[in-house]
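For reference, the structure discussed in these notes is given below.
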Amino acid sequence: MKVQAAVSREKGKIAIETVELAEPKAGEVLVKMVASGICHTDSAVIEQYLPISFPIVAGHEGVGVVEKVGPGVTNLAPGDRVVLTFPSCGVCDHCQDAHPYSCDDNFTMLFGGKYRDGTTRMKTEDGKDVNTMFMQSSFATYAIANQDNAIKVDVDVDELKKLCSLGCGVQTGAGAVLNRMKPRPGSSIAVFGCGAVGLAGIMAAKIAGCSTIIAIHGSKGREEALEFGATHTINGRKEDIVAKVKEITNGKGVNYALESTGQPPMARTMLDCMAKEGLAVTVSVTAGAEVPIALEPQIMNPSVTFAGCVEGHSNPKVFIPELVRLYKEGKLPVDKMNKYYKFEEIEKAYHESHGGVLKPIIVF
Ligand code: CXF
Ligand code: ZN
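Note that my numbering numbers the sequence shown so that position 10 is 11, with each residue one more than the last.
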């Protein structure tokens with residue numbers, strides 16, 4: 002069928018084109034897209050820091066309604082509302098252990114550009130195969146996903162468009178706190194970075210009952226951090242982060258920290274902010290980044306754990322419905338980060354994602 006898709010054919014460019022979308026194959030679903038968020042990993046692909054070759058349709062925070070199911074799909078049916086998320090192989094030890102974020106094949110699944118059978122589902126009008134991202138390519142009016150990365154949610158279509166970021170950014174930030182850290186009620190946490198991921202981490206810290214929630218922000222996100230639960234804010238560009246964190250925590254440092262800035266040296270600063278036996282988690286990705294860390298005194302004697310976390314340590318089938326429940330209860334007001342754009346405005350939305358907009362949402 003012919004669909005409209007935002008195709009990237011060269012670095013930094015996106016343009017809406019008519020493309021041919023194939024039928025869903027075994028285990029796949031055709032989804033009529035309702036909306037898609039824009040995440041910084043889309044930029045990494047479109048700007049080619051992550052090398053999926055062109056042409057490609059990016060987008061990996063899609064939401065929509067299942068229109069058709071391929072052979073063997075048992076858990077979804079036409080009419081189901083779904084949040085699309087990251088794919089995983091389903092058969093490796095990590096997937097079998099309900100840790101799909103650690104799938105043995107995750108890099109290929111997310112950034113290999115193809116579906117599981119090694120082929121694409123989209124073709125340009127001039128007959129070129131169009132690569133996919135996260136096996137969804139949500140910057141299009143229709144998408145093909147696997148039954149495993151399309152998560153059925155109990156919301157109507159109007160609500161659905163507000164929840165795009167549950168598929169990636171919010172899952173990443175909230176999951177790092179709720180699944181990876183599992184903070185003790187009454188504990189302290191510092192969140193580095195007040196973009197969508199960090200702000201979701203702040204919402205989650207409040208849900209978990211952290212009593213001291215320190216938001217370290219740059220030019221944006223301070224107001225939202227306070228609104229979502231931060232008890233203190235630090236301007237990371239102007240203030241001495243370590244000194245302020247120590248001051249707020251009576252010289253002890255924080256029990257937990259989440260680093261979401263994308264700036265590798267912040268990982269080192271985070272470790273300087275930790276209390277004894279603290280857990281410091283980074284979700285920021287900079288391929289090949291190396292940062293000097295002093296094993297002593299930053300790690301050993303204070304018994305600090307420095308951990309990585311991808312896609313919020315989430316098993317999306319369980320965690321995304323849980324995030325929806327928290328949203329419905331008013332505890333995860335992710336929609337407050339959204340700014341909505343028409344599909345025709347996708348270039349503007351993409352550029353604004355690098356500016357002050359926390360979560361641009363393309364509505365189809
Ligand atoms: C991605 C970040 C790069 C590694 C895989 C997961 N998450 C979100 O965009
Ligand atoms: Zn993402």
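Here a beta-carbon is modelled for each residue, glycine too, at the ideal position from N, C-alpha and C. A quick note: this is a predicted structure, and the numbers were derived from the prediction, not measured.
1. Under the criterion of a Cβ to heavy atom distance below 7 angstroms, does CYS96 qualify as lining ligand 1?
2. Indicate the three-state DSSP secondary structure (helix, strand or coil) for ILE321 in the structure shown.
3. Which residue's Cα is closest to the Cα of MET338: LYS163, LYS253, LYS239?
4. Under the assumption that PRO184 contacts VAL178 (Cβ atoms under 8 angstroms), give the Cβ distance between them as a whole number of angstroms.
5. Hey, PRO25 and VAL70 are a contact pair by Cβ (cut 8 angstroms); roughly how many whole angstroms apart?
6. Give the straight-line distance between the Cα atoms of LYS83 and GLY289, rounded to the nearest whole angstrom.
7. Starting from PHE1, trace the beta strand (DSSP E) in both directions and tell me its first and last residue.
8. Would you give the residue range spanned by the beta strand (DSSP E) that SER44 belongs to?
9. Within its chain, find whatever has a CB closer than 6 angstroms to the CB of ASP81; leave out the 5 residues flanking it on each side and keep chain order.
10. Identify the continuous beta strand (DSSP E) that holds GLN97 and give its terminal residues.
11. Cα separation between ALA251 and LEU167?
12. Apart from the five residues on each side of it in sequence, which residues of its chain come closer than 6 angstroms, Cβ to Cβ, to SER354?
13. Using a Cβ-Cβ cutoff of less than 7 angstroms, which residues in the same chain neighbour VAL243 once the five nearest sequence positions on both sides are dropped?
14. In chain order, which continuous runs of the beta strand (DSSP E) of length 3 or greater are located wholly inside the stretch 287–352?
15. Is GLU228 near ligand 2, in the sense that its beta carbon is under 7 angstroms from a heavy atom of that ligand?
According to the data block:
1. Because no heavy atom of ligand 1 lies under 7 angstroms away, the Cβ of CYS96 does not count as near it: no.
2. Helix.
3. The residue with the shortest Cα to Cα distance from MET338 is LYS163.
4. Confirmed, Cβ separation roughly 7 angstroms.
5. Distance from PRO25 to VAL70 at the Cβ level is roughly 7 angstroms; contact confirmed, criterion being Cβ atoms closer than 8 angstroms.
6. For the sequence presented, residue 83 should be read as Val rather than Lys. Roughly 34 angstroms between the two C-alpha positions.
7. Since the displayed the chain opens at 2 and closes at 365, residue 1 lies outside it and no answer follows.
8. Careful: SER44 lies outside any beta strand (DSSP E), inside the alpha helix (DSSP H) at 41–47.
9. Within the same chain, and ignoring the five residues on either side of ASP81 in sequence, the residues whose Cβ sits closer than 6 angstroms to its Cβ are VAL67, LYS153.
10. Not the beta strand (DSSP E): GLN97 falls in the alpha helix (DSSP H), residues 94–97.
11. Before going on, a small fix: residue 251 reads as Asn here, not Ala. One C-alpha to the other measures close to 35 angstroms.
12. Excluding positions up to five away in sequence, the list reads ILE39, PRO361.
13. Excluding sequence neighbours, VAL243 sits near THR270, ASP273, CYS274.
14. The DSSP assignment places complete beta strand (DSSP E) segments of no fewer than 3 residues inside the stretch 287–352 at 306–309, 339–343, in order along the chain.
15. At a threshold of 7 angstroms, GLU228 does not count as near ligand 2, since its beta carbon sits no closer than that to any of the ligand's heavy atoms.
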